[in-house]
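Novice: To get our numbering, take the position in the sequence shown, counting from 1, and add 19. For each residue, glycine too, the CB sits at the ideal point set by N, CA and C.
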Amino acid sequence: MIEKRQFYINGAWVDPAASRDFPVIDPSTEEEVAVISLGDKADTDAAVAAANAAFETWSQTDPAERIAVVEKILEIYNARAEDMAQAMTTEMGAPLKLSREDQVGAGSYHIKDFIRAAKEFDFVRMLRPDAPNDRIILDPIGTVAMITPWNWPMNQVTLKVIPALLTGCTMVLKPSEIAPLSSILFTEILDEAGVPAGVYNMVNGDGVGVGSQLSAHPGIDMVSFTGSTRAGIAISKAAADTIKRVSLELGGKGANLVFADADEDAVRRGVAHMMENTGQSCNAPSRMLVERSIYDDAVEIARETAEHTGVANAHDDGDHIGPLVSQMQWDKVQGLIQKGIDEGARLVAGGLGRPDGLNRGYFARPTVFADVTNDMTIAREEIFGPVLSMIPFDTEEEAVRIANDTVYGLTNYAQTQDPDRLRRMARKLRSGMIHLNGKSRSAGAPFGGIKQSGNSREGGAWGLEDFVEVKAVGGYPAE
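#1: Whole angstroms is fine: what's the gap from alanine 333's alpha carbon to alanine 104's?
#2: May I ask you to list the residues that DSSP assigns as paired with alanine 72?
#3: What residue range is occupied by the uninterrupted beta strand (DSSP E) comprising alanine 125?
#4: For glutamate 310, does the three-state DSSP call read helix, strand or coil?
#5: Which residue marks the beginning of the alpha helix (DSSP H) containing proline 385, and which one marks its end?
#6: For serine 144, list the residues DSSP reports as bridge partners.
#7: Residues in its own chain within less than 6 Å of alanine 279 by CB, not counting five upstream and five downstream?
#8: Leaving out five residues on either side along the sequence, give the residues of the same chain with a beta carbon under 6 Å from the beta carbon of threonine 206.
#9: Aspartate 34 to lysine 60, Cα distance in whole Å?
#10: Considering Cα atoms alone, identify which of Gly479, Val367, Cys188, Val391 is closest to aspartate 81.
#11: Tell me whether the stretch 192 to 199 and the stretch 121 to 139 touch, counting them as touching only if at least three CB pairs, one residue from each stretch, are closer than 8 Å.
#12: Check serine 472 in the structure and name its three-state DSSP category.
#13: According to DSSP, is methionine 20 helix, strand or coil?
#14: Pop quiz: leucine 448 and valine 419 are said to be a contact at Cβ under 8 Å. What is the actual Cβ separation, rounded to whole angstroms?
#15: By a C-beta neighbour count over all protein chains shown, 10 Å radius and 16 as the cutoff for buried, is proline 151 buried or exposed?
#16: Which same chain residues end up closer than 6 Å to glutamine 122 when comparing Cβ atoms and leaving out the 5 residues on each side of it in sequence?
#17: For my contact list, serine 243 and methionine 294 are in at a C-beta cut-off of 8 Å; report their separation, rounded to the angstrom.
#18: With DSSP as the reference, label leucine 377 as helix, strand or coil.
#19: Does the stretch 86 to 102 come within contact of the stretch 63 to 76, defined as at least 3 CB pairs closer than 8 Å?
#20: Between the stretch 425 to 439 and the stretch 470 to 489, do three or more beta carbon pairs fall short of 8 Å?
#21: Taking glycine 451 as the reference, give the member of Ala274, Asn97, Val227 with the closest Cα.
#22: Examine the Cβ distances between the stretch 385 to 401 and the stretch 358 to 371 and report whether three or more of them are shorter than 8 Å.
#23: Look at arginine 476 and glutamate 49 and say whether their C-beta atoms are less than 8 Å apart.
#24: Which residue spans inside the stretch 209 to 259 form an unbroken alpha helix (DSSP H) run of at least 4?
#25: Among the residues of its own chain, which have a CB less than 6 Å from the CB of alanine 462, if the five just before and after it don't count?
#26: What are the start and end residues of the beta strand (DSSP E) that includes threonine 162?
#27: Which same chain residues end up closer than 7 Å to tryptophan 169 when comparing Cβ atoms and leaving out the 5 residues on each side of it in sequence?
#28: Measuring CB to CB, does aspartate 153 end up less than 8 Å from methionine 145?
#29: Could you tell me if isoleucine 356 is buried or exposed, where buried requires 16 or more neighbouring beta carbons within 10 angstroms of its beta carbon?
#30: What distance in whole Å lies between the Cβ atoms of isoleucine 453 and alanine 464, which are believed to be in contact at a cut-off of 8 Å?
#31: Let me know the secondary structure DSSP gives leucine 185 once reduced to three states.
#32: CA-CA distance, leucine 9 and glycine 30?
#33: In whole angstroms, give me the CA-to-CA distance for tryptophan 481 and threonine 435.
#34: Going by the CB atoms, is the gap between lysine 263 and threonine 284 shorter than 8 Å?
#35: Three-state secondary structure (DSSP) at methionine 293?
#36: Aspartate 81 by DSSP, collapsed to three states: which one?
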């Protein structure tokens, strides 16, 4: 178990200005495993002041110096991988195997990729050859507020903290109060790596408290937020008065288009992807659109796959999914399953309640609905649980229309052996990311969405560019 820590401000662990305790609950057992303190305005102000003061020096360091610090972070992060896996399993219920391989692995993957991108990143660029005395300088944007979610803790923290460090920004991190243990451990790693005092600060808090204070704070130059669309809208409104940049990674309702010529594993692969992390991923393929000629067979395959998806305590090793993160999340998922039943979708697997043999913990049954129409609530709202909606289609045009008929636009998927159709899907599907035939994006590819799924791109060079301002300089001396 991780030792309880308070806030990390100006290079030191400090007690909160006013104690307001918040319990951390293990979702597998519903037992309290830690207590954190929630910050108030005095804590927020102190963290922002420390970051503002440190910016004057950190922003002027050589990029090579910043890269060296991040390389040290990666070394220590990898050395503490098991501690990190245990923390995430305890705080948000990712099964140990998923924590060790994917949850922890996402952090090391992003840190390594940002190091590569930074080594190739030109902070000073010539405008063009016929303008030899013009330069484009990419300056760090300033002090960044980072508000991160509970579902992929280190994935989201490293996608924000690491590029900010590499570009010369300073920062205040507010991790999810539901799953703060991994971020406390990450803070220990940065402290050990020698990140200068004030460059990185961490204050625990909730959205209405520290989150709102950071969003409106005049000392914050940018807010980088990952979470719900509802919260993203509130942050944007709070930030408007100070005209700060707001970078948003929000929800999704991904469509997975399965055509009649899809490979034989396409449906199983789609169901498994939907159930991963207990369905608590913004890029989950939660709507499976299936060509009608194979629809009945696909529904049967989906049913069998869901019924063979194991559900067990997150602390158990093996291939299974764990619990939902909290009682609130469990109640939300149960309500939406009931909504699907009430609105006439055909329940073919799973349903209400906990799986057999699990009467404690926030466990949900892997659920599949067939004969869903795209106007049903379960096809419109992001459920964030192990619930798949299956929708039949007759033509490619109809499939694309259904897929794009959503307020979201994060990730869409297509399964077909027709290369021309794959190219059409890549162009016609409206989302920030497209996965074709089960192929994900490569290292350095940007992560992000359109419409109500957000407005930024994280990862690789795009992730670095998110934290810089563009300065145009004329009359720059030739070198």
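Specialist: Quick look at the numbers:
#1: 11 Å
#2: Paired residues: none, contrary to the question.
#3: That residue, alanine 125, is in no beta strand (DSSP E); its alpha helix (DSSP H) goes 123 to 138.
#4: strand
#5: Segment: none, proline 385 is in no alpha helix (DSSP H) and carries neither H nor E.
#6: Just to set this straight, residue 144 is arginine in the shown sequence, not serine. For arginine 144, which the question treats as bridged, DSSP gives the partners Ile155.
#7: Glu310, Ser312, Ile313
#8: Tyr27, Met221
#9: 14 Å
#10: Cys188
#11: no
#12: helix
#13: Below a pLDDT of 50, predicted positions are generally treated as unreliable, and methionine 20, at 45, falls in that range; the measurement from the model is reported next regardless. Coil, per DSSP.
#14: 7 Å
#15: exposed
#16: Met107, Ala113
#17: Between methionine 294 and serine 243 the Cβ distance is about 29 Å, and since that is not below 8 Å, they are no contact.
#18: coil
#19: no
#20: yes
#21: Ala274
#22: yes
#23: no
#24: 231 to 235, 248 to 258
#25: Asp132
#26: 162 to 166
#27: Met111, Ser195, Ile197, Ala198, Val344
#28: yes
#29: buried
#30: The pair is not a contact, with the Cβ atoms about 11 Å apart (cut-off 8 Å).
#31: helix
#32: Residue 9 is absent from the structure shown; the chain starts at 20 and stops at 498.
#33: 30 Å
#34: It is worth fixing the name first, because residue 284 is aspartate in this sequence and not threonine. It is not a contact, given that the beta carbons lie outside the stated cut-off.
#35: helix
#36: coil
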